[in-house]
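Going by our numbering, the first residue of the sequence shown is number 40, and it counts up by one from there. Just so you know, even glycine gets a beta-carbon here, dropped at the ideal spot from N, CA and C. Since this is a predicted model, take the numbers as computed values, not measurements. First up is the structure itself, then whatever we jot down about it.
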Amino acid sequence: MSRQVKGQGRRLGHRRGLAWMRAFRRRHLSHGLPLRRLKMSRKGRHRPWASKNSSRQKLMASAGAFVGGDRFVLRSRLGMGGMCEVFSATDLRRVECGDSQPLVAVKRLLPEVAQVRQAQSTLAREFFTLRHLVHPGVVRVFDLHREGWGLCFSMELLEGMPAHAVLGSHPVGLGGAGIAVGARIFESLAYLHAHGVTHGDVKPANVFLEQGGRAVLLDFNVAQVLERPGAAGAKVLQGLPSRARIPGLSLLHASPEVLKGGPPSPRGDIFSASCTVYELINGLHPFNMLPAHEAASRGLRPAKPLALTRGQWRELRKGLSFEPQVRPTAQRLRAVLDERGWLAGFRWMRPYTGA
40 MSRQVKGQGR RLGHRRGLAW MRAFRRRHLS HGLPLRRLKM SRKGRHRPWA SKNSSRQKLM
100 ASAGAFVGGD RFVLRSRLGM GGMCEVFSAT DLRRVECGDS QPLVAVKRLL PEVAQVRQAQ
160 STLAREFFTL RHLVHPGVVR VFDLHREGWG LCFSMELLEG MPAHAVLGSH PVGLGGAGIA
220 VGARIFESLA YLHAHGVTHG DVKPANVFLE QGGRAVLLDF NVAQVLERPG AAGAKVLQGL
280 PSRARIPGLS LLHASPEVLK GGPPSPRGDI FSASCTVYEL INGLHPFNML PAHEAASRGL
340 RPAKPLALTR GQWRELRKGL SFEPQVRPTA QRLRAVLDER GWLAGFRWMR PYTGA
């Protein structure tokens, strides 16, 4: 056999070996199993991907799992819902570029729903809704990635705790600090509504509080893009998907019109946010842990929190109205709650002592 034929056979075997190795890696990564990167040598033998002294090699050797096409190394789980889970992760691309802050958060589908088309569409819709929004009170997303047969996206890693966890350590509410948080929540909603987006599920679990006083809205998987241009002064974003039905809402914070099957709207966000802010200030649900439609049928009326002035309570009580047309705008509520300047005295991160 000639040398040319032998050389062609070796090259063919080399290509087949590479194809087999790539298929093997894809199968392992689709199940979330750890796998070190390997590179084929010219003679067909495996050798490590990077030098032993590189930071990337050290991270990959100690990693538990990779997502996003081997770009992210998962560190610890931050939270889990009915469809998704969120991890803190190291972005290997940032490590290679020498970024001093390589940590991000990665939101991925749970393994049992990773291949469900509707779940993938919901996660993609959340990413495409958020990528146009840049505001301190809205979580910032970076990139959408393919993970095996599922999807995941990276976003900023926040330091602090969700509002419902803060309330767990402050059962009497946050008082004046809760007013400051409420002002930031309504400021974020005013930005969303001005850009034609409704959050759809504002509640303490979806508000993240950072040490410096920043309140960030999370979990936009039921967000809706307004379909009528100019509705309530909103400018509708073009090219974003919309959603007619929103399963999985928090019944305790949803507006009565949404509970009756109506579409999400900015005024529905105002009701949900008003319930959340009332709970942050007072430590109690405004309607004794009853959904809005049941509270309306029983004629329940919330009591005034001591931390609020009469003017502030007048506007927040309108936000808690069962009639949508009575509720003020997010901009109005933000201006009223921010008038006393409580932002300088955040106390919600201090342990509760009963005093």
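When the options are compared against residue i, the one with the closest alpha-carbon
i      : options                           : result
Ile320 : Leu298, Leu355, Pro303 and Arg337 : Leu355
Gly189 : Met122, Ser336, Val112 and Ala346 : Met122
Pro141 : Leu149, Leu113 and Trp352         : Leu113
Ser336 : Val180, Glu318, Lys146 and Glu362 : Glu362
Glu195 : Glu318, Phe310 and Val173         : Val173
His203 : Val177, Gln370 and Ala244         : Ala244
Leu265 : Ser289, Val125, Asp308 and Glu249 : Asp308
Gly214 : Thr129, Val316, His234 and Phe310 : Val316
Ala369 : Phe259, Asn260 and Ala233         : Ala233
Val125 : Ser289, Ser360, Gly137 and Pro150 : Pro150
Pairwise C-alpha distance: residue j and residue i
i      : j      : result
Leu131 : Glu198 : 21 Å
Gly251 : Ser127 : 20 Å
Ala312 : Leu162 : 23 Å
Val297 : Pro303 : 6 Å
Ser115 : Arg353 : 44 Å
Pro201 : Arg253 : 11 Å
Ala293 : Arg366 : 14 Å
Arg133 : Val143 : 10 Å
Arg371 : Val145 : 35 Å
Ser139 : Phe111 : 16 Å
Val180 : Glu333 : 37 Å
Leu248 : Pro175 : 12 Å
His171 : Pro210 : 37 Å
Gly358 : Asn260 : 24 Å
Arg76  : Ser160 : At Arg76, the pLDDT of 46 sits below 50, so the modelled position is not reliable and the matter cannot be decided from this model.
Gly300 : Gln364 : 17 Å
Leu117 : Glu186 : 19 Å
Arg156 : His184 : 15 Å
Asp109 : Phe167 : 22 Å
Val246 : Thr129 : 24 Å
Asp258 : Cys191 : 14 Å
Other residues of its chain near residue i: CB distance less than 7 Å, five sequence neighbours each side excluded
i      : result
Met119 : none
Leu291 : His324, Met328 and Pro330
Leu376 : Ile218, Gly221, Ala222, Phe225 and Gln351
Arg373 : Ala222, Phe225, Glu226 and Ala229
Ser360 : Arg366
Ser289 : Asp240 and Lys242
Gly137 : none
Close-in-space but distant-in-sequence residues of the same chain around residue i (CB under 6 Å, 5 per side omitted)
i      : result
Asp182 : Ser193
Gly212 : Ile320, Asn321 and Gly322
Ala158 : Met122, Leu148 and Val152
Cys314 : His292 and Pro325
Phe310 : Ser294
Arg306 : Pro363 and Arg366
Ala383 : Note that Ala383 scores 39 on pLDDT, short of 50, meaning its location in the model is unreliable; the coordinates nonetheless yield the value given after this. None.
Pro87  : Any reading at Pro87 must be qualified, since the residue scores a pLDDT of 44, below 50, and its modelled position is unreliable; the value itself is stated next. The answer is none, since no qualifying residue turns up.
Contacts around residue i, its chain only, beta-carbon distance under 8 Å, and the 5 residues preceding and following it disregarded
i      : result
Glu318 : Leu206, Gly212, Pro243, His324 and Pro325
Val177 : Leu169, Ser227, Tyr230, Leu231, Val255 and Leu256
Leu339 : Phe326, Asn327 and Leu329
Open item on the list: Under 8 Å, with one C-beta from each stretch per pair, do the stretch 211-224 and the stretch 328-346 reach the 3-pair mark?
Closed with: yes
Open item on the list: Can you confirm whether the stretch 326-344 touches the stretch 231-239 when touching is taken to mean that 3 or more C-beta pairs between the two stretches lie within less than 8 Å?
Closed with: no
- [ ] Give, in chain order, every unbroken run of the beta strand (DSSP E) that is at least 3 residues long and sits entirely within the stretch 162-204.
- [x] 180-186, 189-194 and 199-201
Open item on the list: Report the start-end ranges of each alpha helix (DSSP H) in the stretch 312-366 that is 4 residues or longer and not cut off at the edges.
Closed with: 331-337 and 349-358
Task: Within the stretch 231-271, ranges of the beta strand (DSSP E) (whole runs, at least 3 residues) - done: 246-249 and 254-256
Task: Contiguous alpha helix (DSSP H) assignments of at least 4 residues, all confined to the stretch 201-228 - done: 202-208
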